Amino acid sequence: MCGIFAVSLPGNEAGNLVLEGLKKLEYRGYDSWGVAIRQDSGEIILRKDVGKIKDVQIQFEMSGEAIGHTRWATHGGVTMANAHPHQVGKVTLVHNGIFENYLDVKSKYQDEGMGFRSDTDTEVIACMVNDFLEKGMSVAGAIRHSAEVIQGRFSLLVIAEGFPGIYAARRGSPLIIGRGETGTFIASDIPALLEHTNVVNYLDDDEMVHIEGNKAEFSSLISGDVIEKREVAVSWKAEQASKGDYQHFMIKEIFDQKKTLRDAIDHDDEKLHEAVELLQKSNGAYFVACGTAHKAAMCAEYYFAEISGRKINVVPASEMPSFERFINDKTAIIAVSQSGETADVLEILERGKKAGAKILALTNVESSSMARLADVHIPINAGPEKAVASTKATTAQMAILFLLAYADAGKLNLGREILSGTASAINDLINPRYENYVKDVAGKILNQKSLFIIGRGSLFPMALESAIKIQEVSYIHAQGFPAGELKHGPIALIEEGVPCLVLGDDQDTLSNAMEIKSRGAHIIGIAPKRAEVFDDWLKVPDCGQAQSIATIVPVQLLAYYLATFKGLDPDMPRNLAKSVTVK
Ligand code: F6R
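Those letters in the sequence shown? Residues 4 to 586, per our numbering, in order.
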């Protein structure tokens, strides 16, 4: 949520490199963008605009230092004035996160006669840092002093007139320092760095860094003491984070599932047993996740119940505060997250840890905040996921959770066997011929205002996930239900021609399909066998207990084609951003 990027290196390309870096981070926010460069004269100049950065083609003035930002609006509408960077006096700054008490600080400055150009919380931070600088502090001191005032999560980049180098600080929102041979880069996510280097330092909470050329000096944001940081080699490759020959990241990532499922289950037994031991030693376990990851966790609730007979509670992270009284040193919290940075989840983990709970985290971004906070971390190995709509990370999460349920039952090998069969079946399923069947169905329902999805057992969470996928990229109103629940109310919405996706072909679900077909619904079956009640049918392989993993793949394709047939950009749906680092 909001992408930030900085460069300090000899030569004159910093502005252009920041622009390119921001283009790679656009999935984190695409309301507006901005870049600040330090000119040879020492003056810091700004270029910013509303709208997406991907089509911006400008050559920046010569500069060795630049910072930039691509915004997902929180405080203040999508306007030029609210676009970052924000400049006050000598200080130019970009920010990811939320300064929760900014209004108090703003009104104090307003009382002193200070005028503000924007409605953002960020401009207030720039004002504070500049104020402390004018009062004689160093830039680092002014940032530290401001951090004492700020309540909330943030990552900041600061460039100040008359003070060489770039400063960055972190409390709760990610920042990664890329170490090149001659220069240094800072980004809020790894894919933007891969073209320059795969050697990084991860900035931790309450740490800051000053970079100049290839030098990086780390210090505590609290005490100012110098800190030694470890350099880490990142395993992701630049090609993995690019679209290649595909038109969109979403379709590339759907096709990546030919391989990612196998990579997901490629963990040694020891790691999986360590995770399961954490569960087995607990007296009460909670899955905590948001959005699609929450639906993967809901599926896992079924896996554990059916495979190892373990009851695990599933709560959307934002609802967890009502249940926190049950968290103690005997509880296991299982965080499921692609980014590993989702603020609602992180907050629960931080509080859970304080209460003594043990944390198991499944994340795709290996050195994410959640991964570093967890007692046991299992990387889901899906490779960079850049489309806002999660696809390959979802199936990878589900596969690992499925495997953990089998490990919990003491039958890990059987679990691997089933998933290996599922991976092969998905590999065979996704091909251009199959895409044509999906396109045909997409063409039939393209102009519908509303559609419903039903499923039973672990296909019920997939009905909810199907709704998210279709809503977020095609903007068609879609709603998922347990198959047996439709007749308890929602059936009133069924009228002639309303499409209904029916996940599965078990007898009870087919009876529910019949109930709505007889009221006019257009039934699209997504199941291994064709049933008479289906008006259209998308065949999926029979994967037994792992059926939920196979079933979501055609829905991902359907969502993609609904979006593209409507002329929408599935990679950057309106109002959304990948990695939601604000509450
Ligand atoms: C939808 C989607 C979101 C995320 C949610 C949690 O396709 O991707 O619903 O699942 O924002 O994000 P992570 O998994 O990064 O915690």
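Each residue gets a CB set at the ideal place from its N, CA and C atoms; glycine is no exception.
Only a predicted model underlies this, so the values are computations on that prediction, with no experimental measurement involved.
Counting only runs of 3 or more residues that sit fully inside the segment 206-249, the beta strand (DSSP E) segments are 210-215, 218-223, in chain order.
For A145, the CB contacts under 6 angstroms within the same chain, skipping 5 residues up- and downstream, are V132, F135, L136 in chain order. It is roughly 40 angstroms from the alpha-carbon of C302 to the alpha-carbon of M211. For G183 and I214, the gap between their C-alpha atoms comes out near 12 angstroms.
Taking each of G294, E344, K314, Y306 in turn and checking the Cα distance to E322, the smallest one comes out for G294.
About 15 angstroms separates the beta carbons of L178 and I128, which is beyond the 8 angstroms limit, so they are not a contact pair.
In the DSSP annotation of this structure, the continuous segment of the beta strand (DSSP E) that includes S340 starts and ends at 335-340. In the same chain as H251, and ignoring 5 residues on each side of it, the C-beta atoms closer than 8 angstroms to its own belong to A390, Y563, T567, D572, P573, D574, in chain order. For T397, the number of other beta carbons within 10 angstroms of its own is at least 16, and it is reported as buried. DSSP assignment within the segment 272-360 yields the following whole alpha helix (DSSP H) runs of 4 residues or more, N-terminal first: 272-283, 294-306, 346-357. Between the C-alpha atoms of S141 and S66 there is a straight-line separation of about 23 angstroms.
About 6 angstroms separates the beta carbons of I403 and L365, which is inside the 8 angstroms limit, making them a contact pair.
For the 7 angstroms CB-CB criterion, G460 and A470 do not form a contact.
Distance between K138 and T123, taken at the CA atoms: about 24 angstroms.
The three-state secondary structure of Q90, taken from DSSP, is strand. Taking the Cα of D508 as reference, the smallest distance to any Cα among P502, Y478, A516 is reached at A516. Not one heavy atom of the ligand F6R is found less than 6 angstroms from the C-beta of C5. Taking 6 angstroms as the cut-off, one finds at least one heavy atom of the ligand F6R near enough to the beta carbon of C293. P485 is bridged by DSSP to G458. Just so you know, the alpha carbons of A346 and V536 end up roughly 44 angstroms apart.
Looking at the DSSP output, G507 sits in no beta bridge, so it has no partner there.
Of the heavy atoms belonging to the ligand F6R, at least one sits nearer than 6 angstroms to the Cβ of A392. Ranked by Cα distance from K414, the first of A195, F307, A338 is F307.
Put simply, the backbone Cα of A292 is about 5 angstroms away from that of A320. D52: member of the beta strand (DSSP E) spanning 47-53, first to last residue. Restricting attention to Q42, V38, I48, the CA atom closest to the CA of I70 is found in V38. Residue F188 holds the alpha-carbon nearest to the alpha-carbon of L25 among F188, Q154, N15. Distances between the C-beta of Q113 and the heavy atoms of the ligand F6R are all 6 angstroms or more. When Cβ pairs closer than 8 angstroms are counted between the two stretches, the segment 521-540 is seen not to touch the segment 471-479, the count staying below three. Counting along the chain, the unbroken alpha helix (DSSP H) around Y437 starts and ends at 435-448. Comparing alpha carbon positions, the residue from D272, A278, K314, E304 closest to N286 is K314. Going by C-alpha positions, A150 is about 24 angstroms away from R233. In this structure, A374 lies near G343, with their beta-carbon atoms less than 7 angstroms apart. Annotated three-state conformation of Y563 is helix, per DSSP. Our two residues, Q154 and G79, have alpha carbons roughly 18 angstroms apart in a direct line.
Within its own chain, the residues whose Cβ lies closer than 8 angstroms to the Cβ of A299, once the five positions on either side in sequence are excluded, are A292, V339, T397, Q400, M401, L404, P464, E468, listed in chain order.
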